[in-house]
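Per this note's numbering, the sequence shown starts with residue 4, numbered consecutively. What follows is a single structure, written as structure tokens, with notes after it.
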Amino acid sequence: MHVPFSFKILVLVLFFSGSGFSSLTSAQEPLRFAPLPMVPERLLKHDFESFAEYLSQQTNRPVELVLEKSYRKLLDSLLADKIDLAYLGPLPFVFLTQQDPSFVPIVRFVDKSGRSTYTCCLADFRGDHINVDSDRPLLVSLPQPYSTCGYLMSEKLLNRHHYSLSNGGYIYSGNHSESALDVLRGVTQIAGLKTSIADKYHHLGLQVIEQSPPLPGFVLIANPRTVPQELIKTIHSRLLALNPQHTTKDAETTHLWGEGIRYGATEVDTSDYDVIRDMLQQIAIPGIDP
């Protein structure tokens, strides 16, 4: 049977249109981005919602903000390819890359002074007059087991005073803010947490009594199995190009981002995280395999 030429053209057009439509649909699958749950969910959403929108604009892909409730769940989701991009602190980053070295660190964020480091601390309520050298035992609140400022750094700081978390008691409050609030509520005597978060409760009487040396900062990482290499390169170059501390336009872009990510980014040197790897050789976190 003779098929009209015009009909053949129509079939070809529909075929290639259909193929293009499938590719377009596939390309529009959202990138799933998860930040560490360091603060309550409403604050986490506030800090990272605009950042997720920026990532979407730069990659031409929808970006879904995924708010996990625990560090462990976030790491498990990354390893199971359920998360594409994540904002991780040094200890979760080390744990992740020990289990799967293929994860790609994209950038490391800097603070308002341009430093790509931060500190952990021990804090108490100034009215309690806690003496870490003599008061025994102590009850300590910690954010989560996989938090750098949780068991790992709190144990390190308490060791300076010839004391260990194993000598007293400790609880996991869920995040850094709750760790601070547990001291202010009188639930615990000391909190282990990120210093910048402790400072936010200074006006309520929380005071820093011990502080860690500078630690390597937070990183944005990508899952190379689910994020194309070209997109990783794009995110890397766009974030490094931002200079919000010296360029008004860039400052306008980042002004709604959270405190930990709004000041710019720098390259990641993974050897900087050896300090965390070394600490894990000295300090065993109960219930966690290094």
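Cβ coordinates follow ideal geometry from the N, Cα and C atoms, glycine included.
Beta bridge counterpart(s) of residue i as assigned by DSSP
{"i": "A37", "result": "A89"}
{"i": "I174", "result": "S144"}
{"i": "R111", "result": "V222 and T269"}
{"i": "A126", "result": "A194 and V211"}
Enclosing beta strand (DSSP E) for residue i [first to last residue]
{"i": "A194", "result": "I193 to K197"}
{"i": "S53", "result": "That residue, S53, is in no beta strand (DSSP E); its alpha helix (DSSP H) goes E44 to T62."}
{"i": "E181", "result": "Unbroken run through E181 is the alpha helix (DSSP H), H179 to L187; no beta strand (DSSP E)."}
{"i": "L68", "result": "V66 to L68"}
Residue i burial status per 10 Å Cβ neighbour count (16 or more: buried)
{"i": "D87", "result": "buried"}
{"i": "S116", "result": "exposed"}
{"i": "P289", "result": "exposed"}
{"i": "L161", "result": "buried"}
{"i": "T251", "result": "exposed"}
{"i": "Q284", "result": "exposed"}
{"i": "D185", "result": "buried"}
{"i": "L81", "result": "buried"}
{"i": "N226", "result": "buried"}
{"i": "E181", "result": "buried"}
{"i": "G177", "result": "buried"}
Neighbourhood of residue i by C-beta, 8 angstroms cutoff - its chain only, sequence neighbours within 5 removed
{"i": "P216", "result": "T122"}
{"i": "D138", "result": "Q192"}
Three-way DSSP call (helix, strand, coil) for residue i in this model
{"i": "F96", "result": "helix"}
{"i": "S229", "result": "The amino acid at residue 229 is misidentified as Ser; the sequence shows Thr. Coil, per DSSP."}
{"i": "Y121", "result": "strand"}
{"i": "K252", "result": "helix"}
{"i": "E158", "result": "helix"}
{"i": "H164", "result": "coil"}
Neighbourhood of residue i by C-beta distance below 6 angstroms, restricted to the same chain and skipping five residues each side
{"i": "P108", "result": "V222, I224 and V271"}
{"i": "G172", "result": "L142"}
{"i": "L27", "result": "Note that L27 scores 40 on pLDDT, short of 50, meaning its location in the model is unreliable and no value can be drawn from it."}
Host alpha helix (DSSP H) of residue i (start-end)
{"i": "Q285", "result": "D277 to Q285"}
{"i": "K203", "result": "No alpha helix (DSSP H) contains K203, which DSSP labels as neither H nor E."}
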